[in-house]
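First comes the structure, then the notes that go with it.
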């Protein structure tokens, strides 16, 4: 399925992957959290990009 995104390397169309991943992370300043991720692949050069579904799930720990 063409995702409406343009490849930053070659300018061709990006295709959305069907499976979702999960990003979990912590930073030195106390930020932590998890969010689902979606992968996109360029139909021209094969470049793969992974994007957070909602990066606002990250929160500051007290």
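Residue numbers (the numbering used here): 424 to 485. For glycine and all other residues, C-beta sits at the position ideal for the given N, C-alpha and C.
Item                                                                                                                                           : Value
Here's the rule I'm using: 16 or more other beta-carbon atoms within 10 Å means buried, otherwise exposed. How should residue 437 be labelled? : buried
Going straight from the alpha carbon of residue 484 to that of residue 445, what length do you get?                                            : Per-residue confidence for residue 484 stands at a pLDDT of 48, beneath the threshold of 50, marking its modelled position as unreliable; the derived number appears in the next sentence. When rounded, the distance between both Cα atoms is 20 Å.
Apply the 10 Å Cβ neighbour rule to residue 465 and answer buried if 16 or more other Cβ atoms are within range, or exposed otherwise.         : buried
From what residue to what residue does the beta strand (DSSP E) around residue 473 run?                                                        : 471-475
Determine the closest residue to residue 462 out of 477, 439 and 456, with distance taken between C-alpha atoms.                               : 439
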